[in-house]
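Numbering (our numbering), first residue to last: 466 to 708. Ideal Cβ positions, reconstructed from N, Cα and C, are used throughout, including at glycine. Structure first, then comments.
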Ligand SMILES: Nc1ncnc2c1ncn2[C@@H]1O[C@H](COP(=O)(O)OP(=O)(O)O)[C@@H](O)[C@H]1O
Ligand SMILES: [Mg+2]
């Protein structure tokens, strides 16, 4: 990717080991400011491990993670979130026994009251369904609503970069369309997005640039329009379809 663009994220030569196994091998990716970059790959190749390592949940054994212009490689999660990098994790992971409002407020961290109210209002404008459900227990929401809550909670920290891990997984086509629409509008409002998806077709439609992972390595990368036409991507992830 061109180095003349201002980068929100630069991951360089990242190695991650888990339980004696090397899960990520020399992974390098970049996300420009206000860009959408997608990481594609089959189950178990290391996509979630990459997201968790960027978020500070897992430790890298080698390599570096630069957020804007600062190394965050060894920082704990809460400090990374405070710097403006938030994650909507795989499997949603909302707090089921807490209300929608409580989940959202938690995402705001230590934000001052006035600022918290303003941010909550912005998030509710983006997700009107959450306003209707504010007092409801998060566990009683539908899968699509829980995904919106999960993204909304991440947006409560006003991130400069949002990590989305499989946001469309298990959702009905109509809801998937809505989620991808939201991804586009979040970027339009100025937030860069790193997106991990199984829905390769939709991901390559919304993203500017993409990486393909196999066995813990990046094996292919390029502009999304180019990857959509690449025979390797078509055969492995798009069922060989021409469009
Ligand atoms: N906490 C962990 N401990 C041990 N192995 C793990 C851990 N997390 C992930 N792995 C292993 O790392 C590999 C990649 O997993 P993951 O990053 O979840 O892949 P993906 O998100 O691409 O499906 C898998 O083989 C998985 O079993
Ligand atoms: Mg995963």
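Asked	Found
With DSSP as the reference, label residue 678 as helix, strand or coil.	strand
Give me the residue from 498, 594, 587, 602 with the minimum Cα distance to residue 560.	602
With burial defined as no fewer than 16 other Cβ atoms inside 10 Å of the residue's Cβ, what is the status of residue 673: buried or exposed?	buried
Alpha carbon to alpha carbon, what distance is there between residue 611 and residue 552?	15 Å
Residue 571: buried (16+ other C-beta within 10 angstroms of its C-beta) or exposed?	exposed
How would you label residue 512, buried or exposed, when you count the other beta carbons within 10 angstroms and need 16 or more for buried?	buried
Going by DSSP, which residues form a beta bridge with residue 480?	527
Helix, strand or coil: which one does DSSP assign to residue 655?	coil
Under 6 Å Cβ to Cβ from residue 616, same chain only, skipping five residues before and after it: list those, please.	553
Do residue 514 and residue 660 count as a contact pair if the criterion is CB distance below 7 Å?	no
Alpha carbon to alpha carbon, what distance is there between residue 500 and residue 696?	25 Å
Quick check on this structure: which residue in 473, 472, 477 has the alpha carbon closest to the alpha carbon of residue 682?	477
Should residue 613 be labelled buried (16 or more other beta-carbon atoms within 10 Å of its own) or exposed?	buried
Are residue 649 and residue 671 touching if we call contact CB-CB under 7 Å?	yes
Measuring CB to CB, does residue 652 end up less than 7 Å from residue 644?	no
Can you tell me whether residue 632 is buried or exposed? The criterion is at least 16 other CB atoms within 10 Å of its CB, across all chains shown.	buried
State the beta-bridge partners of residue 472 as determined by DSSP.	497
Jot down the residue ranges of each uninterrupted beta strand (DSSP E) in the stretch 508-592, minimum 3 residues, whole runs only, in chain order.	527-532, 550-553
Could you tell me the alpha carbon to alpha carbon distance between residue 555 and residue 663, rounded to whole angstroms?	12 Å
Buried or exposed: where does residue 508 fall if 16 or more other Cβ atoms within 10 Å of its Cβ makes it buried?	exposed
For residue 520, count neighbouring C-beta atoms within 10 Å of its own C-beta (all shown protein chains included) and say buried if the count is 16 or more, exposed if not.	buried
Please name the residue in 656, 655, 698, 667 whose C-alpha comes closest to that of residue 676.	698
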